[in-house]
Amino acid sequence: MNELTPPSFNPPSGAQVRAVHDAFHGDLLEVSMGPHHPSTHGVFRMMVTLDGETIVKLKPVFGYLHRNHEKLGENTTYLSSMPYTDRLDYLNSMTNNWAYALAVEKLAGQSVPERAEYLRVILAELTRLLNHTCLAGFLLQDCGASGTPLMYAFREREKILDLFEALSGSRMMCNYQRFGGCRVDPSPEWLTAAQSLTDGYGRFLDEYESLITQNEILMARTQGVGVLSPALAVSAGVTGPMLRATGVNYDLRKVDAYGFYPRFPFRVPLGDHGDTYDRYMIRILEMRESITILQQAFRTLPSGPIIDPKAKLRGFRPKPGEAYGRIEGPKGEIGFYLISDGSPNPYRYRVRPPSLVNLTILEDLCLGQTLADAVIILGSIDIVLGEVDR
Amino acid sequence: METLEHLRNRLAIAFPRSEVVIVNNPSPSAQHSLLISADHARVIARHLRDEADLQLDYCSNVTGIDWPEKEIIETIKPAQTDPAGGAALGTEQKIKRLQPGYLEVVYHLYSMALGHGPVILRLRTINRADRVELPSLTPVWRSCEFQEREIFDLFGVVFADHPDLRRILMWDEFKDHPMRKDYVEPDDYEWEPTPHGPVLAKAKVHYAALTPVAAAAPGTAPASGSAPAPMSAPGPIASPAGGPAIALPLAVETPPITKAPATAQSPTLNPAAPSAAPRP
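Written out as structure tokens, the structure reads:
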């Protein structure tokens, strides 16, 4: 395998790098996109150097939402970090909770009852539906389809958020998982509602796809734009749908077989080109697989306790040691690395943020593309700034 | 995949001059790690990535850890025995030892090609103050690029040969490393020097010289020549006929009032008033 050095040190050859100050071309133009720019999905900034309309250099600037989440985690107990994890990737609080709970359970050797594992799978897959639906809406918005696709997506998202609110009391900051199980048991009515939402979700996807997937403008804007090679994706630690769009078969639900995912047969969709269109398509296909998983889980959901009776939440002091727990979040691998020194607070609390690591290749994808394409490429990477900056 | 002991032995054979130590993890997760010396880190990393049966092509997570120096109390039993054949001489001794502090960087490696992992690498700096340099592993795994920048920013580990080692989350002018255990928050994050710093310093000296006079007689012209005169006339003066008070225009000269009553509130701009003093 050859070295994959950052582009600034290994300037790409070809059309996008050419002499400046010559008779035909003017100066390079440096544009600061963001931090208050609607297409950056939050307070994110790109320092873009343009040759005409073509990007010759792009440096992301972070930190506008930095609140030193990891230091907060070191200064609070294990349990009181759980609501903080909601604020990382605030679209996907359920999966953040699960990743953190999983890391703590590994650290303390805590087991989880069967019903709780089922509920975790159900809520994680609902979160995946929610996240990918939002992404499909945002991506179309970034392409310039003002409003309508986003409103269709948000209509469905609200239904899932209503379910989350009915279950946990909060739409987005759910704070639902606990070490050794879950916080509240869903009522039979909730399960019926969630099941009917799942059964109807395929129809929404059909409707959305019939409007969008074959749309000529979308295809023209996204096909061949921001192509990511599998070798670079692996080296840069890109995970989640972005990685699988390049054709690399790496899904932690299959690889790590955490939770009860081995009990539910599902397929892992893979892309061929690694371009923006593939990244969009992978998410649609993943939603179809999530529906399959959800339907199986609702059919076979066992009864029983939702939290291990031996689980200790307050006064929780794991023995000294360390653990790294990771799950397949909707955006990629979200992991928590915890070091315990035997005290009620973790000695070190580290979040492995998929959004930040996936941004490593932003410059590589954008070089040689136009500025308008950079907006779409960033949209297809699917970042949430609460997680990038922490 | 083979066990960690096998991997350690393999690395010891492949790199005989390097030092590879297994760091035990007593928690139920049993994720033990390999402590490798900094000078061989990059060749070992490349070896782990390129070997056909390892193929650790994916560096998932890079973590910085701060281990400040700490006092350890060791109990030592004297080794020599009683020459007369009795029990061991002397009592147990407690020795205080200062364990030097260091910064540690942990890499979690997985293989996407073969689906195994994690292999955990640890690198340690020599101390926490001036010898904090470690080799960057960004040339081996691109995913380290931002994560190492973050460790440089928040912990102060300097990664040699990192392509773009700048602060990432804190602003460029920030001096300290907030994730260190001995970090103390400043009183005011927003404070920053301005070009008007010298002016403000001068004003402070000026007010300090002014304070006693102004406190003795508010509203009067201070005796010292450098202080500014009051910018407006004293308050309204009651007319001798008992009619309505007449406010005197600024140009009219008024007899100087030497002792104003303490309750008299004049509209004079009083620079010594505490509310008008700038924040240092």
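Protein sequences appear in the order of chains F and G. So the first sequence is numbered by our numbering: it starts at 1 and just counts up by one. So the second sequence is numbered by our numbering: it starts at 1001 and just counts up by one. Cβ coordinates follow ideal geometry from the N, Cα and C atoms, glycine included.
Hey, would you say residue i sits closer than 8 Å to residue j, going by beta carbons?
i       : j       : result
G/V1106 : G/T1063 : yes
G/G1101 : G/N1127 : yes
G/L1134 : G/L1121 : no
F/T49   : F/V43   : no
F/R244  : F/P269  : yes
G/S1018 : G/S1033 : no
F/H132  : F/P330  : yes
G/S1027 : F/A323  : yes
F/R391  : F/L79   : Nothing in the structure corresponds to residue 391 of chain F, since chain F is present only between 1 and 390.
F/A297  : F/G181  : no
F/V104  : F/L338  : yes
F/A108  : F/I327  : no
F/F204  : F/E125  : no
F/H37   : F/R390  : no
With 8 Å set as the bound, which would you pick, yes or no: does the beta-carbon of residue i sit closer than that to a beta-carbon of chain G?
i      : result
F/A236 : yes
F/N345 : no
F/P35  : no
F/N96  : no
F/F62  : yes
F/S170 : no
F/I334 : no
F/T40  : no
F/L72  : no
F/A108 : yes
F/H69  : no
F/A245 : no
F/R352 : yes
F/P318 : yes
Counting only C-beta atoms, is residue i closer than 8 Å to chain F at any point?
i       : result
G/R1142 : yes
G/Q1031 : yes
G/D1057 : yes
G/G1115 : yes
G/I1168 : yes
G/T1125 : no
G/P1026 : yes
G/A1045 : no
G/A1072 : The sequence shown places Ile at residue 1072 of chain G, rather than the Ala named in the question. Cβ-Cβ to chain F under 8 Å: no for G/I1072.
G/F1146 : yes
What is the residue span of the beta strand (DSSP E) that residue i lies within?
i       : result
F/M219  : Note, F/M219: premise wrong, no beta strand (DSSP E); alpha helix (DSSP H) at 216-222.
G/A1113 : Taken as a continuous stretch (DSSP letters only), G/A1113 belongs to no beta strand (DSSP E), as it is neither H nor E.
G/V1159 : According to the sequence as given, residue 1159 of chain G is Phe; it is not Val. Looking at the DSSP string, the run of the beta strand (DSSP E) that includes G/F1159 is 1158-1160.
G/K1096 : 1093-1099
G/Y1058 : 1058-1067
F/A48   : For the record, residue 48 of chain F in the displayed sequence is Val; it is not Ala. Per DSSP, F/V48 belongs to the beta strand (DSSP E) from 45-51.
G/V1021 : 1020-1023
Going by beta carbon distance, what residues of the same chain come within less than 6 Å of residue i, once the five residues before and after it are set aside?
i       : result
G/K1070 : Q1099
G/K1094 : I1073, T1075
G/A1045 : L1137, V1140
F/P230  : T246, G247, V248
F/S168  : C174, Y176
F/V121  : G259, F260, A297
Go to residue i, then tell me how far its alpha helix (DSSP H) extends in each direction, as first and last residue.
i       : result
F/L167  : 148-168
G/I1044 : 1041-1050
F/L130  : 114-143
F/S235  : 230-235
F/I291  : 276-300
Got a sec? Which residues, its chain only, sit under 8 Å from residue i by beta carbon, not counting five neighbours each side?
i       : result
F/M173  : P83, D86, R87, Y90, S93
G/G1243 : Low local confidence applies: a pLDDT of 45 at G/G1243 is under 50, so the model's placement there is unreliable, with the coordinate-based value given in what follows. Within the same chain, G/G1243 has no close Cβ partners at all.
F/P186  : L119, L167, A194
Can you list, in chain order, the residues of its chain with a C-beta nearer than 7 Å to that of residue i? Leave out the 5 residues immediately preceding and following it.
i       : result
G/I1151 : V1062, G1064, V1105, V1157
F/V375  : S39, D142
G/R1097 : I1072, E1074
F/V225  : D275, T276, Q369, D373, I376, I377
G/S1143 : C1059
F/Q223  : D275, Y277
Does any C-beta atom of chain A lie closer than 8 Å to the C-beta of residue i?
i       : result
G/H1006 : In summary, chain A is missing from the structure at hand, where the protein chains are F and G.
**Request:** Could you pull out every unbroken alpha helix (DSSP H) segment of at least 4 residues lying fully inside the stretch 317-362 of chain F, listed in chain order?
**Result:** 354-358
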